[in-house]
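S.K.:
Residue numbers (this note's numbering), protein chains in the order written: chain A, 43 to 400; chain B, 43 to 400; chain C, 43 to 400; chain D, 43 to 400.
1) Would residue 429/C count as contacting chain B if we go by Cβ distances under 8 Å?
2) Looking at the structure shown, is residue 173/A part of a helix, part of a strand, or coil, going by DSSP?
3) What is the residue span of the alpha helix (DSSP H) that residue 242/B lies within?
4) In the segment 69-95 of chain B, which residues sit with their C-beta less than 8 Å from some C-beta in chain D, listed in chain order?
5) For residue 252/A and residue 196/A, which I take to be in contact (beta-carbon distance under 8 Å), what is that distance rounded to the nearest angstrom?
6) Could you name each continuous alpha helix (DSSP H) segment of 4 residues or more that falls completely within the segment 55-132 of chain D, going from the start of the chain to the end?
7) Applying the 10 Å Cβ sphere with the 16-neighbour rule, what's the burial state of residue 129/A?
8) Taking residue 352/B and residue 306/A to be in contact with their CB atoms under 8 Å, please state how far apart those CB atoms are, rounded to whole angstroms.
9) From the beta carbon of residue 393/C, is the nearest beta carbon of chain F less than 8 Å away?
10) What does the Cβ neighbour count give for residue 107/B, buried or exposed, with the cut at 16 atoms within 10 Å?
11) State the DSSP-derived secondary structure class of residue 325/A, mapped to helix, strand or coil.
12) So with CB distances below 8 Å, who are the chain A contacts of residue 45/D?
13) Give a yes or no on whether the C-beta atoms belonging to residue 275/C and residue 329/C are separated by under 8 Å.
14) With a threshold of 8 Å between beta-carbons, can residue 59/B be considered close to chain C, or not?
15) Could you pull out every residue in the same chain whose Cβ sits closer than 7 Å to the Cβ of residue 288/C, ignoring the five residues on either side in sequence?
16) Kindly indicate the opening and closing residues of the beta strand (DSSP E) around residue 200/A.
17) At a CB-CB cut-off below 9 Å, which residues of chain A make contact with residue 251/C?
18) For residue 247/C, would you say it is in contact with chain D, using Cβ-to-Cβ distances shorter than 8 Å as the test?
19) Keeping to the same chain, check which residues put their C-beta closer than 8 Å to that of residue 189/C; ignore five residues upstream and five downstream.
20) Alpha carbon to alpha carbon, what distance is there between residue 191/C and residue 315/C?
21) Can you list, in chain order, the residues of the segment 265-276 of chain B whose Cβ is nearer than 9 Å to any Cβ on chain A?
22) Using a Cβ cut-off of 8 Å (strictly closer), state whether residue 386/C contacts chain D.
23) Using only the alpha-carbon positions, how far apart do residue 88/D and residue 244/D sit?
24) May I ask you to list, following chain order, the residues of the segment 219-233 of chain B that have a beta carbon less than 9 Å from some beta carbon of chain A?
25) In the DSSP assignment, the alpha helix (DSSP H) including residue 155/D goes from what residue to what residue?
26) For residue 171/A, count neighbouring C-beta atoms within 10 Å of its own C-beta (all shown protein chains included) and say buried if the count is 16 or more, exposed if not.
27) Less than 7 Å between C-beta atoms, sequence neighbours within five positions excluded: which residues of the same chain meet that for residue 303/C?
28) Might you give, ordered along the chain, the residues of its own chain that have their beta carbon closer than 6 Å to the beta carbon of residue 168/C, omitting 5 neighbours on each side?
29) Taking a contact to mean a Cβ-Cβ separation below 8 Å, would you say residue 209/A touches residue 226/A in this structure?
30) By alpha-carbon positions, which one of 271/A, 93/A, 379/A ends up nearest to residue 221/A?
31) Alpha helix (DSSP H) containing residue 350/C: first to last residue?
32) Ends of the alpha helix (DSSP H) at residue 251/C?
33) So that I know if they touch, is there some Cβ in chain D lying closer than 8 Å to that of residue 216/B?
34) Taking C-beta pairs closer than 7 Å, name the residues in chain B that residue 378/A reaches, listed in chain order.
35) Please work out which residues of its chain come closer than 7 Å, Cβ to Cβ, to residue 389/C, disregarding the five sequence neighbours upstream and downstream, and give them in chain order.
36) Of all the CB atoms in chain B, is at least one closer than 8 Å to the CB of residue 185/D?
This is the structure we're talking about:
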């Protein structure tokens, strides 16, 4: 039951890094939505390995193939199956990892839990699984677009290099103009240089993403356990390498008193709005019509191209050094994944909200 | 469907701040567990208003009454219904709030979403709902105790006053020796003074909690959308006023490279362990047998005893000043709530893990 | 997870026959619905023991007490908690049953499954649990009434005494004019006589109920696993003592060929209808706007006031004879229960259908 | 959410009759089970069109292709994706149906519900979807085999030709010796002749299946809404053309009094058993260790090779006559489908039962 995501709109994902492919089934997608397959592919292209010098050199076309649920270009309300075939897996790169547990990877925990492990490329624990999320998210975006809802994420920090401003300080149209996906071109350059340097050392580095949702209707979110930010937080933390989530002022709010952090209401020409948006567009777990924004922290990728201590599957101390093609920083490719998860949550909660009143 | 929490172990909650009471139903609780009702009550007492000078003066005995599912002192596997009757609600304190939307509260979003609002004490959006969570968590703790799993949370920051060390630097047995629930008595005193000062000003202040789970078996967590930390994060973010969640190194890891943050394995006399625990006891979304630890950020409570601008339900600009009895800082009372949510997640995932192999 | 019923509209039930009471939580109920508590009570009165000479003499007022989710007479969208306190339980009647397994009851299977058993009145396995269903169903009916949907069930067979006609042959307004709840007064009399005779012999007897849903909109039902009749069937079979379910022609259709059983469409003054309704108002798992009708078979109640062989909890062969107050035929009191389950399914599916299109 | 089946073991299905193929994802399958792909294929072969003179002439190899979740011949605990590609669809056979609603099919209800319809071969409403069920069921059987649980279904009635005995009167090893899948060779011949005759007339005919589950452990089933027979009934009724479900004595029990229908317990050399099994192996919704048996009624297939009245999509009265290749009786091919659904329910409930006690 844990390879499914969502309540009404629901993505069920399958596939391993070095298996036949990564795919999924999207259930609960509204009927009658025009499916722009080239848009879905363009989202996958933003996640694709080998897209820039900053990412892994694994070359995968990652072409999505839809299997059902679409008729004459429109969703029919039937489940939408899809698959992206694996093509460029180099399982031999992992041959030396068959007998050892990579540090801070899932090798050890999977083995204990399942009693069996597909060691090739991390198997099911590989971030290649996020392909299914990007496809699901792209479809969700197509529906949200009809509702006037727009979602954008960007890299806001890599190691110590950080955007100091809030999202309102940047032109979000600049995000896709550089490989880091950062709306501040100068910082983007610094971040790219840092990633290249770290990569050259065989090491890895983390960072943060900021995500902004504009145009979200008032009323999305369920008030107790299904608060909108709880759903977004749970969704983001399910992405490989995510370590933290904050929304609105988040950690920064620790410096503020209630009188500073409260968002007072006013009547803006007939529409009730707030002067400030410390709440991040969500109050009492329910969207209030202001922009929703949040940040996600990603740790440095655990796969290092340097020697590390570990134990093997017999419990004997040993060392290992990864071979193969790996990212040194997950942030640039995580941008479309964060957007996809956000899009799926928002569409799911939009559909749920339709049932609040008869 | 959103007043239920958990997959197998499942709490369904009901009740409003100024209604008949707060209650719930716990389904999926294992049969044959001895139910120590005095322990459940002692957990509620830790959450109870009026327990110290630092909390709201609302006087509520908050006595739990079990309605089903227990026979001759043991759980039967049938659902456990319970209720805590409201007694000391002062609905008249809220009479002046009937017509206005309190800033950064759920008044406005509830009204838009539901088209109707129980304004008395925040109705369903009140943190008084967390009573049901503490009861659910207390029962979960009784089951976890049999498995040797122990959960402890403490206040690690109030405003700018912060415990600099990690949880391993403190004697967690000191947590309950002061009203703030902080294991550093000197910092606890500073925090208490700050809370009193802020309260005197009619203002409020936020902070962070740290939670530690010891003795968790290896293998809990579902690897993709149901990662253990995603479940914990979603659970914590569903608590009123929570704004952020981080586990393991979290935000702090931004300063570290992969080679510094990885936890290398070694054979500790036959048991595979890690020298460090930057991962926070979870790898690939699955517990690895090390301590699980995380932090939760709470914002300052939105109810201020000072005048604030807002609009009324007709959309006209106005001001309001809360009356009544309110906390100035949620942290001390949030400690048992965070523990309760953690306990429910761990028990639920423990039960789920039983199905991994035939 | 199995004491909850429904997807969006969801009843979670608790309570035992001889415990504190029977209650539940209704989640996902639309906001803004006027809650006519006297109607809910009148539905419970139809289920109440001791209502006529045909039913058990256990005297219970079965007064429902709402605990949350209603404000100024309307549903707020918050979960609706409720309880019916037990008052007239005679646990001593069951003292002699503590050590034996009653034939065709749940005593033995519960004991093996849970390792513990509340033997008093059947504990959780008692049909007294259906109180919670009647309350849930009564609320669902209040919502359905606004949609013009009407649900009526009646006793259509007791032992060998059977209504030969279809529901269209009877005046359903006569159902409540007799204790058996049968729209044919002559047959009702025969059925009542039979029940009394069987009761006098210390024996029990089964029968069938027919249920009709009028005014159901076109489009309810999910086409694959969630077909509307599959949901109705699963719901009915979850009622104590139910043994079979058929809808439309059901078993009778075995005598017909496709050319006889198909319902051909025609244009009835602008509305697409079918001349016949062998399909029972559901095609491809989705309501088609015609009347929905189905039948449920109930077995004779297992509790007999005569001596039966069995084994005791030590596995030793023995005999038992029930004491206490028991129904000889479940049918008359099952009518409101069947209606309640149907109402909950239809409201749930109505809400689900709102999400089909954006 | 309605293209998924099961709680823990969960099949999510996708695909249309004339789309790319029929596939699915099986989640929650225990790890470490040897996957005998040839067994899965042999189950599909039992469902395959064109397997005998009694079935549709559509020629489909229906070869299953596994996409994930299997490593070195064993299940890994990761979701198992699979697909059966469509090859022999003749969409042109349906061109004349594009504009009309076939009687007693889902054409009309789908159109109203979704606002769009894939008319080719019935689209999603086609019984070709049951391929995914057979694959899911075959995997479930592989797991159940390890537990000693065996499931067998057979055709027990076609039109008026009926097996009068109970399942214990037949040698179930004879089921697969004839095209009808009936353990009584003489009756099988009669049934086959009847099907051929009806087919020759362009008409169709219904019947019943009986299914028997042997070796089911005591304790499966959840006592209130998740009774084991309610789950089985809901599962069976979700199969295309199913109209009724009965278990144990079912309808036949109407002729019996409680004293005749009760199954008294006795100690059979240390094992508690019942002399009779009117209960069908389930008491209080929980398996009691006796054989589980039930019957499912299937209506005549709605597609007739004769002219029928109907309306077109503009609501105008018209006639239609199906072309193409169709079964005249669903029973022979429904046998593996019923077994598959039963296997999935039993495995799911087996896994659920593991959580009853800590």
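Positions of the beta carbon are idealized from the N, C-alpha and C atoms, including for glycine. Predicted model only: the values in this text are computed from it and were never measured.
M.R.: If we stick to the structure as given:
1) The requested residue 429/C is not part of the displayed model; chain C covers only 43 to 400.
2) Per DSSP, reduced to three states, the secondary structure at residue 173/A is helical.
3) It spans 227-242 - the alpha helix (DSSP H) in which residue 242/B sits, taken as one unbroken run.
4) Flagged, chain order: 70, 72, 73, 74, 75.
5) Between residue 252/A and residue 196/A, the beta carbon gap of about 6 Å places them in contact (Cβ cut-off 8 Å).
6) The segment 55-132 of chain D contains these whole alpha helix (DSSP H) runs: 79-89.
7) By the neighbour-count rule (16 or more Cβ atoms within 10 Å), residue 129/A is not buried but exposed.
8) Indeed they touch by this definition, with Cβ atoms about 6 Å apart.
9) Of the protein chains in the structure, A, B, C and D, none is chain F.
10) Of the residues assessed, residue 107/B falls on the exposed side of the cut-off, its CB having fewer than 16 other CB atoms within 10 angstroms.
11) Strand, per DSSP.
12) Taking a Cβ-Cβ threshold of 8 Å, the residues of chain A close to residue 45/D are 67, 69, 120, 121, in chain order.
13) It is not a contact, given that the beta carbons lie outside the stated cut-off.
14) Using a Cβ-Cβ cut-off of 8 Å, residue 59/B does not count as an interface residue toward chain C, since no Cβ of chain C sits closer than that to its own.
15) Excluding positions up to five away in sequence, the list reads 336, 337.
16) Membership of residue 200/A in the beta strand (DSSP E) is indicated by the continuous run 192-200.
17) Neighbourhood of residue 251/C in chain A, by CB distance below 9 Å: empty, with the nearest CB roughly 28 Å away.
18) Output row for residue 247/C: interface = yes.
19) Once the five neighbours on either side are set aside, the close Cβ partners of residue 189/C are 257, 259, 392.
20) Rounded to the nearest angstrom, the two C-alpha atoms are 18 Å apart.
21) So the close ones are 265, 266, 267, 268, 269, 271, 272, 273, 274, 275, 276.
22) Taking 8 Å as the CB threshold, residue 386/C stays off the interface with chain D.
23) Distance between the alpha carbons of residue 88/D and residue 244/D is about 24 Å.
24) Identification of residues in the segment 219-233 of chain B having a C-beta nearer than 9 Å to some C-beta of chain A yields an empty set.
25) Start and end: 149-156.
26) By the 16-neighbour rule on beta-carbons within 10 angstroms, residue 171/A is buried.
27) Taken in chain order, the residues that qualify are 291, 295, 320.
28) If you ignore the 5 residues before and after residue 168/C, its C-beta comes within less than 6 Å of the C-beta of 59, all in its own chain and listed in chain order.
29) No, Cβ-Cβ distance for residue 209/A and residue 226/A is not below 8 Å.
30) Looking from the CA of residue 221/A, the closest CA among 271/A, 93/A, 379/A belongs to 93/A.
31) That residue, residue 350/C, is in no alpha helix (DSSP H); its beta strand (DSSP E) goes 350-353.
32) Note, residue 251/C: premise wrong, no alpha helix (DSSP H); beta strand (DSSP E) at 249-256.
33) Not an interface residue.
34) Correct list: empty, because the minimum Cβ distance to chain B is about 17 Å.
35) Same-chain partners within the cutoff: 51, 182, 185, 186.
36) It does: the Cβ of residue 185/D has a partner Cβ on chain B nearer than 8 Å.
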